[in-house]
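Below is one structure, written out as structure tokens; the observations come after it.
In the UniProt record's numbering, the protein residues as written are 1 to 475.
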């Protein structure tokens, strides 16, 4: 008899649930059976969700458990592809105090930044069994002027959260995910690979590379992530440049080796002793016309000698010599690094001038095998001694330059190409960007057949953080 009240209560609740349909005796049972949107079939609701800008997904996850499940389902994002509602976001990796790496995402439409969860910088124990001797042999590493500060980061300091600092890591994208690869940690070149899934908003450990690499070059081709070059540690100590490469298939999660880069023009060194001093390194990599273009240099820090480059054809699995004009004219950023990006099938490169407040954008002419200037003045401010004071990327079919302005704010600038006719019919407003105390103004009075309007689409303050790299993910 003592259990009768409970039985009656349960019965009344069940009866109430039958009467009012969506009122269940437990919140879990309720959420499992509620429709996503009352009075609408879930199929229609999911189609509505697929049309909502992705920036709102973070808050939509908090509405209910079934909403959270939908926001994290691959089916929703596959539907976005079918509907053509995918969005390109910019992911920016920066190095903060204590060499901590953090990534931020920019939604260019809303101009809102999202801070990603901290990356768990892992390592493999066998990578640490190597000696530290030869760490200071800077002649074999293509780095920037802050090499001494980088070495200080290699001693393995840990921040308050217990993360292991990394430097010299590379980034790439594949299958809608962001990857961070290799780098130095505790003076050793790492094999570790970390993957960020924008759908789940989490970092996870991916299959490690076959060898430890730092300062390697990456590119995406046929939805596979290619990695070449970089430096690694020798068994007897010291650092050695790598000619090897490998490719990651996100569908299988496996790495496959590539033929070693031949560095075909290295043999033309002016003297034998120079060939011993100058070490071949890959200074960039870009996917262009279905092949991988890898410009190269001979390096003996702080000296660099351009030696053209190699081109990899995935169909034949072979390397070939880069066209002479492409290799010799490929603009060099600094410390041997060559920034380039493909936008609408055209290969662009940033050519900084000797001035600290200007630069040029060049495009490669495949028929003429030559580079020509398409943007004569880029308001690039180089106020810091960081390794990457500015970056180049393509977003929404347009060129973008990312840098720090005179106020040390990170700004994302978009280049809009237009002719006089189109520009004169537009607004007469001008765009001004302050740079080293002067300003670069673009107005409709410029008498050029083709001009550029630089537009700041987003800005944020990372304090003293250094820009490392950027990637664009479309999901």
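Yeah, the Cβ is synthetic: ideal placement off N, Cα and C, and Gly gets one too.
Short Cβ contact (8 Å threshold) for residue i with residue j
i	j	result
residue 181	residue 216	yes
residue 116	residue 57	no
residue 193	residue 206	yes
residue 199	residue 108	no
residue 92	residue 402	yes
residue 236	residue 263	no
residue 369	residue 324	yes
residue 218	residue 285	yes
residue 294	residue 261	yes
residue 398	residue 343	yes
residue 462	residue 64	no
residue 168	residue 184	yes
residue 475	residue 176	yes
Residue i, DSSP secondary structure in three states
i	result
residue 454	strand
residue 281	strand
residue 413	strand
residue 67	helix
residue 361	strand
residue 344	coil
residue 254	strand
residue 405	coil
residue 469	strand
residue 82	helix
residue 112	strand
residue 74	helix
residue 123	With a pLDDT of only 42 at residue 123, under 50, the local geometry of the prediction cannot be trusted, and no value is derived from it.
residue 308	strand
residue 263	coil
residue 400	strand
residue 187	coil
Proximal residues to residue i (C-beta, below 8 Å), its chain only, five neighbours per side dropped
i	result
residue 191	124, 127, 182, 208, 209, 210, 211, 212, 213
residue 51	83, 85
residue 328	306, 308
residue 174	220, 223, 224, 225, 248, 250
residue 148	The pLDDT assigned to residue 148 is 35, lower than 50, so where the model puts this residue is not dependable; a value taken from the coordinates is nonetheless given after this. The answer is none, since no qualifying residue turns up.
residue 202	117, 196
Rounded distance between the beta-carbons of residue j and residue i, thought under 8 Å
i	j	result
residue 459	residue 96	At roughly 18 Å, the Cβ-Cβ gap does not stay under 8 Å, so residue 459 and residue 96 are not in contact.
residue 332	residue 393	Not really, about 18 Å apart at Cβ, beyond 8 Å.
residue 400	residue 412	6 Å
residue 296	residue 310	7 Å
residue 371	residue 362	4 Å
residue 391	residue 467	6 Å
residue 232	residue 189	4 Å
residue 88	residue 472	5 Å
In DSSP terms, what residue i is bridged to
i	result
residue 368	None; residue 368 has no bridge partner.
residue 329	Paired residue(s): none; residue 329 is not in a bridge.
residue 324	Paired residue(s): none; residue 324 is not in a bridge.
residue 233	239
Beta-carbon proximity list for residue i, same chain, < 6 Å, skipping 5 on both sides
i	result
residue 37	45
residue 61	68, 71
residue 265	307, 308
residue 490	Residue coverage of the chain in this structure runs from 1 to 475, which leaves residue 490 outside it and unanswerable.
residue 106	90, 113, 458
residue 374	361, 363
residue 204	195
residue 456	411, 413
Proximal residues to residue i (C-beta, below 7 Å), its chain only, five neighbours per side dropped
i	result
residue 221	287, 292, 314
residue 359	350, 351, 352, 353, 378, 380
residue 49	70, 76
residue 246	209, 210, 227, 255, 256, 257, 258
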